[in-house]
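Undergrad: Dropping the structure in here first, questions after.
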Amino acid sequence: MHSTTLVRVLLLGLAAAVGCFGIVSAAAELITSKRPDFPEDPTKASLSSNAPPEWVGLISPLRSDLEGHQALFLALQVMQLPRGDDRVRAQSELARSRLKHVVSISPYDAELWLALAVLEARQDPDSPAAIESLKMVYLTAPSEGRLMPLRLASATRFDALASPDVRELVQGDVRLMLTREPKQTRALVFAYRQASARGKEFLKDAIRAIDPALLNVLGG
C-alpha cells in the first residue's frame, strides 16, 4: 500500500511539473516576438520588438528554439556595438558561449552558425573557429539566398579564403548570386568594397569568369 501511494505521489508530481512547464512554455511563445531574421547588414538590424523577456532563460535549456532566439538576439546586439570596450568584449564572449551551446544541440541552424562565425571573426580574424563556423553555414544552408550577402562579406573580409574548402564554397555563392539571384549584385559590390586585399583579388577573379562587365563598377 505504501509503495502504491508513493508511486501515485510521484506521478502526480510529474504531471504537475509537466503541466507547469507547458503553461510557462506556452506563455513564453505568446509574449516572445518572432525570432529576428538575419539581416544583410547586422549593424542595422531592428531588434527593439524582438527582445525575449529575461525569464524565458529559465526554460531555455528545455526549449532549444527559445534558447536559439535568445542567442541570436544577443549576437545581433553585440554586432551593433563598437569594438574594444571591456563591456562589449564581455557581451561578445557571452553571446559566443550561448551560440556554441545552442549549435551543439541544434547543429542545423545556419543563422546561428553565421552569427557565431561573425563574432569569432570579430574576436580574431585568423581564428580557425571562425572558418569552421563559416563552413557550417554553407553545409547547413548551401543555397539560402538571404544568407549569402553576409557570409560572402564575412568570408572575404577575414582570412577564411586561406582555406581551399571555403574558397570553393564562396565561389559557389558568387556564381549563384550572379546567375540565380541577380538582385544581389549590390551585395557583391558591397562585399568587394569591404573586403581585404586577398578578398578583393578573389572576388575580381570569380566575377571575371561569370560577368566581366561587373568589374567596371566594383571600385565605383
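The sequence shown begins at 269 in my numbering and counts up by one. A virtual CB, placed ideally from N, CA and C, is assigned to each residue, including glycine. Here the structure is a predicted model, which is why all the values come from computation and not from measurement.
1) Any idea what DSSP makes of R366, helix, strand or coil?
2) Identify whether A296 lies in helix, strand or coil by the three-state DSSP scheme.
3) Could you tell me if S365 is buried or exposed, where buried requires 16 or more neighbouring beta carbons within 10 angstroms of its beta carbon?
4) Locate the alpha helix (DSSP H) running through L482, then write down its first and last residues.
5) Would you identify the three-state DSSP class for E412, choosing helix, strand or coil?
6) Give me the Cβ distance between V434 and I475, rounded to the nearest whole Å; I'm assuming they're in contact under 8 Å.
7) What's the call for T447, buried or exposed, on a 16-neighbour Cβ count within 10 Å?
8) In chain order, what residues of the same chain lie with their CB nearer than 7 Å to the CB of V457, ignoring the 5 residues before and after it?
9) With 16 other CB atoms within 10 Å as the buried threshold, where does G336 fall?
10) Take L415 and list the residues in its own chain whose beta-carbon comes closer than 8 Å to its own, dropping the five residues that flank it on each side.
11) Give the straight-line distance between the Cα atoms of P450 and S360, rounded to the nearest whole angstrom.
12) Where do the N-terminal and C-terminal ends of the alpha helix (DSSP H) with L387 fall, by residue?
13) Which one of A363, P350 and D354 has the shortest CA to CA distance from A514?
14) So, with DSSP's three-state summary, where would you put P350?
15) Tell me whether R449 sits in a helix, a strand or coil according to DSSP, three-state version.
16) Give the DSSP-derived three-state secondary structure of D394 in the structure shown.
17) From this set, P375, A385 and R390, which residue's C-alpha is nearest D353's C-alpha?
18) Skipping 5 residues on each side, what residues in its chain have a beta carbon closer than 6 Å to that of V346?
19) From the DSSP output, in three-state form, read off S374 for me.
20) Quick check on D392: buried or exposed, where buried means 16 or more other Cβ atoms within 10 Å of its Cβ?
21) DSSP state of F341, grouped into three classes?
22) Helix, strand or coil for A463? Go by DSSP, reduced to three states.
23) Can you give me the C-alpha to C-alpha distance between D427 and G467, rounded to a whole angstrom?
TA: Taking the coordinates as given:
1) If you number the sequence shown from 1, residue 366 lands on position 98. Correct three-state label for R366: helix.
2) Position 28 of the sequence shown, counting from 1, holds the residue named residue 296. Here the model assigns A296 a pLDDT of 42, short of 50, so the residue's position is not dependable and the matter cannot be decided.
3) Within the sequence shown, residue 365 is the residue found at index 97, counting from 1. Per the 10 Å Cβ criterion, exposed.
4) Locating residue 482 in the sequence shown gives position 214, counting from the first residue. Neither: L482 is in no alpha helix (DSSP H) and is coded neither H nor E.
5) By 1-based counting over the sequence shown, the position of residue 412 is 144. Of the three classes helix, strand and coil, the one that applies to E412 here is coil, per DSSP.
6) The residue labelled residue 434 in the question sits at position 166 within the sequence shown. The residue labelled residue 475 in the question sits at position 207 within the sequence shown. The Cβ separation is near 17 Å, so there is no contact.
7) To locate residue 447, count along the sequence shown from 1; it is residue 179. Flag for T447 reads exposed.
8) Along the sequence shown, one-based indexing puts residue 457 at 189. The answer, listed in chain order, is V485 and L486.
9) Sequence index remark: in the sequence shown, residue 336 carries index 68 (1-based). Counting the other Cβ atoms within 10 Å of the Cβ of G336 gives 16 or more, which makes it buried.
10) By one-based count along the sequence shown, residue 415 stands at place 147. So the list reads F306, A378, E379, L382, V405 and A409, once near-sequence residues are dropped.
11) Here the question's residue 450 lines up with position 182 in the sequence shown. Here the question's residue 360 lines up with position 92 in the sequence shown. The alpha-carbon separation between P450 and S360 amounts to approximately 34 Å.
12) Reading the sequence shown from its first residue, position 119 is the one you call residue 387. Here the alpha helix (DSSP H) through L387 covers A378 to Q391.
13) Summary: the structure shown does not reach residue 514, with the chain confined to residues 269 through 488, and so no result is reported for it.
14) Numbered from 1 along the sequence shown, position 82 holds the residue referred to as residue 350. It is coil, neither helix nor strand.
15) Stepping through the sequence shown from its first residue, residue 449 is reached at position 181. First, the residue type needs correcting, since residue 449 is Glu and not Arg in the sequence shown. Coil, per DSSP.
16) Translated into positions along the sequence shown, residue 394 becomes position 126. Here D394 sits in coil by DSSP.
17) Within the sequence shown, the letter at position 85 stands for residue 353. Closest option to D353, Cα to Cα, is R390.
18) Taking the first residue of the sequence shown as position 1, residue 346 is located at position 78. So the qualifying residues of the chain are Q359, S360 and A363.
19) Indexing the sequence shown from 1 puts residue 374 at position 106. DSSP places S374 in coil when its eight states are reduced to three.
20) As a position in the sequence shown, residue 392 is number 124, starting the count at 1. Label assigned to D392: exposed.
21) Position 73 of the sequence shown holds residue 341. In the structure shown, F341 sits in a helix (DSSP, three-state: H, G or I).
22) Your numbering for residue 463 matches position 195 in the sequence shown. Reduced to three states, the DSSP call for A463 is coil.
23) Translated into positions along the sequence shown, residue 427 becomes position 159. Translated into positions along the sequence shown, residue 467 becomes position 199. Looking at the two C-alpha atoms, the distance is approximately 8 Å.
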